[in-house]
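First the structure, in the form of structure tokens, and then the observations on it.
In UniProt numbering, the protein residues as written are 1 to 281.
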């Protein structure tokens, strides 16, 4: 059975390849990349295709049984791009598409949910067998800001006391690998989140403990957080996205307690404290 992974050069894609390699399935994997030269070190077969080039996708999916559609990072273009992948999969005779969506895509307060839900519906309505991997927050999303917070003397955000049930990319990638190679996952929806949840203040507390000095969390308004990010030089679209995600967390948008993730990977998800320790400067 040949498995195609789109967006294979991205961080999640590389983790999925590693998980499949650990399972002894590397020979069954085809990586789909817009820039194949970036994938030469992955140790798998690579085919060139672009989310916006339907013909290239159809050719790349030839002989493929299952596709992992890793969601595009181009906000505003993703629904059309994902529909191209789905249409190409149909044309190439692919049996099943697994899609990396967002936690509780049908009810999430996060603006990211709109494109994900539209993409889910396109896949469901296509007639292809599907698996929806509704990934929660990556712990690395917050942990990546640890060095800057230590330097600045504080964390900032607008998540309030919202609890965040995050997990690592490796956790989500292992779940994807299990779904791609296992049986009984057709037309299933998995709500994937970490086993334990924390607030942003609690993460700041863990960083403070490891750093040996207080690095507090300052809660701002959504607009204030977006403005602070912009003043630090981040692109406006990213500022708005991060502020919206934090505001969504305050409303419960990053919390899930279904335990589907740990059930799929057969172990507890990676604790926040472990990721924080690994990413301390």
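The beta-carbon is built from N, C-alpha and C at its ideal position, and this holds for glycine as well.
Beta strand (DSSP E) runs contained entirely in the stretch 32-77, provided each spans 3 or more residues: Correct list: 45-48, 66-69.
Backbone CA spacing between residue 137 and residue 110 [nearest angstrom]: For the purposes of this step, residue 137 is taken as residue 137 along the chain shown, with counting starting at 1. For the purposes of this step, residue 110 is taken as residue 110 along the chain shown, with counting starting at 1. Looking at the two C-alpha atoms, the distance is approximately 11 Å.
Beta-ladder partner(s) of residue 130, from DSSP: If you number the chain shown from 1, residue 130 lands on position 130. According to DSSP, which records beta bridges pairwise, residue 130 is partnered with 97.
Residue 166 burial status per 10 Å Cβ neighbour count (16 or more: buried): Counted from its first residue, the chain shown places residue 166 at position 166. Buried.
Where the beta strand (DSSP E) containing residue 174 begins and where it ends: Taking the chain shown and counting its residues from 1, the one referred to as residue 174 is at position 174. DSSP places residue 174 outside any beta strand (DSSP E); the residue lies instead in the alpha helix (DSSP H), whose first and last residues are 169-181.
Per-residue burial, residue 278 [other beta carbons within 10 Å of its own, 16 or more giving buried]: Your numbering for residue 278 matches position 278 in the chain shown. It is exposed - the Cβ of residue 278 has fewer than 16 other Cβ atoms within 10 Å.
Three-state secondary structure assigned by DSSP to residue 188: In the chain shown, the residue the question calls residue 188 occupies position 188. Of the three classes helix, strand and coil, the one that applies to residue 188 here is strand, per DSSP.
Residue 217 versus 255, 226, 157, 223, residue with shortest Cα-Cα distance: Your numbering for residue 217 matches position 217 in the chain shown. Nearest option by C-alpha distance: 157.
Those residues which DSSP pairs with residue 6 across a bridge: Numbered from its first residue, the chain shown carries residue 6 at position 6. According to DSSP, residue 6 shares a beta bridge with 32.
Contact the stretch 206-224 vs the stretch 144-154: 3+ CB pairs below 8 Å: Under the Cβ criterion (8 Å, minimum of three pairs), the stretch 206-224 counts as touching the stretch 144-154.
Residue 139 vs residue 195 beta-carbon contact at 8 Å: As a position in the chain shown, residue 139 is number 139, starting the count at 1. As a position in the chain shown, residue 195 is number 195, starting the count at 1. Contact: no.
DSSP bridge partner residues for residue 102 (one or two, in chain order): Reading the chain shown from its first residue, position 102 is the one you call residue 102. In the DSSP assignment, the residues bridged to residue 102 are 135.
Residue 162 - DSSP class collapsed to helix/strand/coil: For the purposes of this step, residue 162 is taken as residue 162 along the chain shown, with counting starting at 1. If DSSP states are grouped into helix, strand and coil, residue 162 belongs with coil.
Straight-line gap, residue 97 to residue 89 (C-alpha atoms, nearest Å): Along the chain shown, one-based indexing puts residue 97 at 97. Along the chain shown, one-based indexing puts residue 89 at 89. Counting only the Cα atoms, residue 89 lies some 8 Å from residue 97.
Check whether residue 103 and residue 241 have beta carbons under 8 Å apart: For the purposes of this step, residue 103 is taken as the residue at position 103 of the chain shown. For the purposes of this step, residue 241 is taken as the residue at position 241 of the chain shown. No. Outside cutoff.
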